[in-house]
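The structure appears below as structure tokens.
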Amino acid sequence: MHPTRLYHNPRCSKSRGALELLRERGIEPQIVAYLDTPPTEDELRQLVAMLGLPARTLLRTGESEYAELGLDDPALTDERIIAAMATHPRLIERPVFVHGGRAVIGRPPERVLELLD
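Numbering (numbering that gives the first Met the number 0), first residue to last: 0 to 116.
Structural data, given as structure tokens:
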């Protein structure tokens, strides 16, 4: 069983909005301050699997590291992208909500509610 968690950046309005929506429904997820405690490559692989999407979906393309590391190369493997996110957690899109063995990127924040049905 996967715990209910929110990969959260308190400085991000979308992340704060997702947390507020969950709390309004009585859900108090385990907060993962991923910028302070970055997920390991294994944890990122699990997130990607729960999302059911390519690792590239989790990338924040507007961060300076995205261009600096050449992550816009469409030939990059999921493993290379995961390694970059583990080393540079600012590259991880947020918020990511995990519930019931599934995950969703909370953009817009209301997407987190999809996992509560």
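Beta carbons are placed, not taken as given, at the ideal position from N, Cα and C, and that holds for glycine.
Same chain, Cβ closer than 6 Å to residue i, neighbours up to 5 away in sequence not counted
i	result
Glu62	Arg89 and Leu90
Arg138	Outside the shown range of the chain, which is 0 to 116, sits residue 138, and nothing can be said about it.
Val47	Ala54
Sequence-distant residues of the same chain with beta carbon closer than 7 Å to residue i, five excluded per side
i	result
Met110	Note that residue 110 is Arg in the sequence shown here, rather than Met. Cβ within range, chain order: Val103 and Ile104.
Glu64	His87, Arg89 and Leu90
Three-state secondary structure (DSSP) of residue i
i	result
Ala102	strand
Proximity to residue i [Cα-Cα], best of the options
i	options	result
Ser14	Thr76, Leu114, Asp116 and Val95	Val95
If contact is defined by three or more beta carbon pairs under 8 Å, each pair taking one atom from either stretch, is the segment 27-41 in contact with the segment 2-18? Cβ pair count under 8 Å is three or more, so yes.
Can you give, in chain order, each stretch of the beta strand (DSSP E) that sits fully within the segment 1-59 and has at least 3 residues? The segment 1-59 contains these whole beta strand (DSSP E) runs: 4-6 and 29-31.
When you compare the segment 68-75 with the segment 34-53, are there three or more beta-carbon pairs, one atom per stretch, that lie closer than 8 Å? The segment 68-75 is not in contact with the segment 34-53.
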